[in-house]
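Engineer: This is the structure I want to talk about, given as structure tokens.
Residue numbers (my numbering): 404 to 727.
Structure follows, in structure tokens:
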């Protein structure tokens with residue numbers, strides 16, 4: 404058993420044996436906290452699904468091809484493995500944080516969620532066939548690997564919103580700004596008093612924007628407004644906003660608006676989650692990876708692999724192995 408474990412964690416050269424042995428014995432690929440484990444079997448199964456997805460796609464029509472059998476392809480597959488391990492660890496951390504807040508998502512709840520979506524948008528048998536063809540997954544695999552983690556994430560965020568005192572303070576602050584505006588205060592003065600954005604000192608003045616230069620959730624409301632109109636309180640990934648459209652124009656067929664805003668920042672879910680994840684101890688016994696506690700991500704140990712991935716990211720245009 405000790406010899407097998409040594410092979411699993413990379414101190415031997417029989418890599419073809421390592422993968423199969425690790426999966427059959429369910430050795431840990433990562434330990435989350437003190438008790439939760441991401442197994443080599445989980446990681447291996449997900450990597451097989453990713454390979455199947457790419458190998459079953461026909462990208463030749465657009466002049467693209469993915470070949471994981473080459474030396475270069477093996478490195479690309481290793482990047483996929485790192486990303487999968489990172490996601491599996493994140494899922495375990497979210498489930499751990501959820502359990503600490505008495506959040507439980509059962510198989511039945513996941514099934515009900517899927518059934519509702521199928522009833523509204525799709526055909527169950529077609530979805531099952533697509534999952535099997537693309538990933539080799541059953542519907543139960545899909546519920547366990549995709550649906551349950553997403554449900555845990557959503558419920559954890561709901562609990563955060565309900566209990567985060569800083570969020571309550573932010574809502575109170577933006578409501579005070581809105582009340583003063585309704586009572587006749589100028590937008591510029593209210594922005595100087597309440598806004599936490601860089602534009603506060605300029606009375607909330609942001610300048611001219613096209614729709615694609617703004618946060619999507621803000622752009623929809625802003626471009627529906629008339630000149631001189633003020634919005635209700637809007638929520639984005641940055642926080643709470645009240646905006647005012649000072650002017651509108653069209654240049655070369657493109658609509659633009661000149662806006663002011665009052666912004667009260669909130670600690671959004673990704674930032675909150677990162678802070679929580681930094682507090683959880685992660686141990687990765689695999690020789691190729693280590694855990695960066697500051698960024699809460701899995702990183703390559705090898706500088707060569709780090710450089711390869713960075714270069715791939717910078718030159719990813721048209722690279723199908725990066726697009727998905």
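All residues carry an ideal CB built from backbone N, CA and C; glycine is no exception. From a predicted model like this one, the values you see are computed outputs, not experimental measurements.
Distance check for residue 620 and residue 379, CA to CA, integer angstroms please.
Structural biologist: Since the first and last residues shown for the chain are 404 and 727, residue 379 lies out of range.
Engineer: Can you find at least 3 beta carbon pairs, one from the segment 704-718 and one from the segment 587-605, that sit closer than 8 Å?
Structural biologist: Output reads no: the segment 587-605 does not touch the segment 704-718.
Engineer: Got a sec, what are the start and stop residues for the alpha helix (DSSP H) residue 523 sits in?
Structural biologist: In the chain shown, residue 523 corresponds to position 120, counting from 1. Taken as a continuous stretch (DSSP letters only), the alpha helix (DSSP H) holding residue 523 covers 510-524.
Engineer: Between the segment 443-455 and the segment 492-506, can you find at least three pairs of beta-carbon atoms closer than 8 Å?
Structural biologist: The segment 492-506 is not in contact with the segment 443-455.
Engineer: Tell me which residues share the same chain as residue 681 and place their Cβ nearer than 8 Å to its Cβ, disregarding the 5 neighbours each side in the sequence.
Structural biologist: Here the question's residue 681 lines up with position 278 in the chain shown. The residues are 696, 697, 699.
Engineer: Hey, out of 701, 608, 707, 493, whose CA is closest to residue 645's CA?
Structural biologist: Within the chain shown, residue 645 is the residue found at index 242, counting from 1. That would be 608, whose Cα lies nearest to the Cα of residue 645.
Engineer: How far does the alpha helix (DSSP H) with residue 590 in it extend, from its first residue to its last?
Structural biologist: Your numbering for residue 590 matches position 187 in the chain shown. Start and end: 590-597.
Engineer: Between residue 630 and residue 648, what straight-line distance do the alpha-carbon atoms span, to the nearest angstrom?
Structural biologist: Position 227 of the chain shown, counting from 1, holds the residue named residue 630. Position 245 of the chain shown, counting from 1, holds the residue named residue 648. Whole-angstrom Cα-Cα distance: 5 Å.
Engineer: Just the C-alpha distance for residue 660 and residue 650, rounded to the nearest angstrom, thanks.
Structural biologist: Here residue 660 is taken as the residue at index 257 of the chain shown, counted from 1. Here residue 650 is taken as the residue at index 247 of the chain shown, counted from 1. So the two alpha carbons sit approximately 6 Å from each other.
Engineer: Between residue 642 and the rest of its own chain, which residues show a CB-CB distance below 7 Å, the 5 nearest in sequence each way excluded?
Structural biologist: On the chain shown, position 239 is the one that residue 642 refers to. Only 573, 666, 667, 668, 669 meet the Cβ criterion.
Engineer: Decide if residue 663 is buried, meaning its Cβ has at least 16 other Cβ atoms within 10 Å, or exposed.
Structural biologist: Counting from 1 along the chain shown, the entry for residue 663 is found at position 260. Buried: at least 16 other Cβ atoms inside 10 Å.
Engineer: Buried or exposed for residue 523, going by 16 or more other Cβ atoms inside 10 Å?
Structural biologist: On the chain shown, position 120 is the one that residue 523 refers to. Exposed, by the Cβ-count rule.
Engineer: Which of the three DSSP states is assigned to residue 504 in this structure?
Structural biologist: As a first step, residue 504 must be located in the chain shown, where it is residue number 101. Coil at residue 504, not helix or strand.
Engineer: Jot down the residue ranges of each uninterrupted beta strand (DSSP E) in the segment 527-615, minimum 3 residues, whole runs only, in chain order.
Structural biologist: Counting whole runs of 3 or more residues, the segment 527-615 contains the beta strand (DSSP E) stretches 608-612.
Engineer: Verify whether the separation of the beta carbon atoms of residue 690 and residue 704 is less than 8 Å.
Structural biologist: Start at 1 with the first residue of the chain shown, and residue 690 comes out as number 287. Start at 1 with the first residue of the chain shown, and residue 704 comes out as number 301. The answer is yes: Cβ separation under 8 Å.
Engineer: Compute the distance between the beta-carbons of residue 640 and residue 624, then report whether it is under 8 Å.
Structural biologist: Position 237 of the chain shown, counted from the start, is the residue given in the question as residue 640. Position 221 of the chain shown, counted from the start, is the residue given in the question as residue 624. Taking 8 Å as the Cβ cut-off, residue 640 and residue 624 do not qualify as a contacting pair.
Engineer: Does the count of Cβ pairs from the segment 504-513 and the segment 557-566 closer than 8 Å reach three?
Structural biologist: Yes, the segment 504-513 touches the segment 557-566.
Engineer: Specify whether the segment 531-546 and the segment 452-461 touch according to this definition: at least 3 beta carbon pairs, one from each stretch, less than 8 Å apart.
Structural biologist: Touching, yes.
Engineer: Please report the distance separating the alpha-carbon of residue 479 from that of residue 471.
Structural biologist: Here residue 479 refers to the residue found at position 76 of the chain shown. Here residue 471 refers to the residue found at position 68 of the chain shown. Each residue's Cα considered, the two are about 7 Å apart.
Engineer: What do you get for residue 432, buried or exposed, if any count of 16 or more other CB atoms within 10 angstroms of its CB means buried?
Structural biologist: For this step, residue 432 is matched to residue 29 along the chain shown. Residue 432 comes out buried.
Engineer: For residue 577, which residues in the same chain have their Cβ closer than 6 Å to its Cβ, ignoring the five residues on either side in sequence?
Structural biologist: Position 174 of the chain shown holds residue 577. The answer, listed in chain order, is 636, 643, 667.
Engineer: Thinking C-alpha only, which one of 692, 688, 702 is nearest residue 430?
Structural biologist: Translated into the one-based positions of the chain shown, residue 430 becomes position 27. For the residues 692, 688, 702, the minimum Cα distance to residue 430 belongs to 688.
Engineer: Which runs of the beta strand (DSSP E), 3 residues or longer, sit entirely within the segment 635-697?
Structural biologist: If we require 3 residues or more, the beta strand (DSSP E) runs fully inside the segment 635-697 come out as 642-654, 657-668, 692-695.
Engineer: Which whole-angstrom value is the C-beta distance of residue 558 and residue 492, which I expect to be below 8 Å?
Structural biologist: One-based indexing of the chain shown puts residue 558 at position 155. One-based indexing of the chain shown puts residue 492 at position 89. Not quite, the Cβ-Cβ distance comes to about 19 Å (not below 8 Å), so this is no contact.
Engineer: Using a Cβ-Cβ cut-off of 6 Å (strictly less than) and excluding sequence neighbours within five positions of residue 613, which residues of its own chain qualify?
Structural biologist: Translated into the one-based positions of the chain shown, residue 613 becomes position 210. Closer than 6 Å at Cβ, skipping near neighbours: 657, 659.
Engineer: Does the Cβ of residue 415 have 16 or more other Cβ atoms within 10 Å, making it buried, or fewer, making it exposed?
Structural biologist: By 1-based counting over the chain shown, the position of residue 415 is 12. Low confidence applies here, because residue 415 scores a pLDDT of 40, under 50, leaving its location unreliable; read the following figure in that light. Exposed.
Engineer: According to DSSP, what are the bridge partners of residue 619?
Structural biologist: Against the chain shown, residue 619 aligns to sequence position 216. Answer is none; residue 619 lacks a bridge partner.
Engineer: Grouping DSSP H, G and I as helix and E and B as strand, with all else coil, what is residue 703?
Structural biologist: Stepping through the chain shown from its first residue, residue 703 is reached at position 300. DSSP places residue 703 in strand when its eight states are reduced to three.
Engineer: Whole angstroms are fine: how far does the CA of residue 701 sit from the CA of residue 482?
Structural biologist: Taking the chain shown and counting its residues from 1, the one referred to as residue 482 is at position 79. Taking the chain shown and counting its residues from 1, the one referred to as residue 701 is at position 298. Residue 482 and residue 701: Cα-Cα distance of roughly 11 Å.
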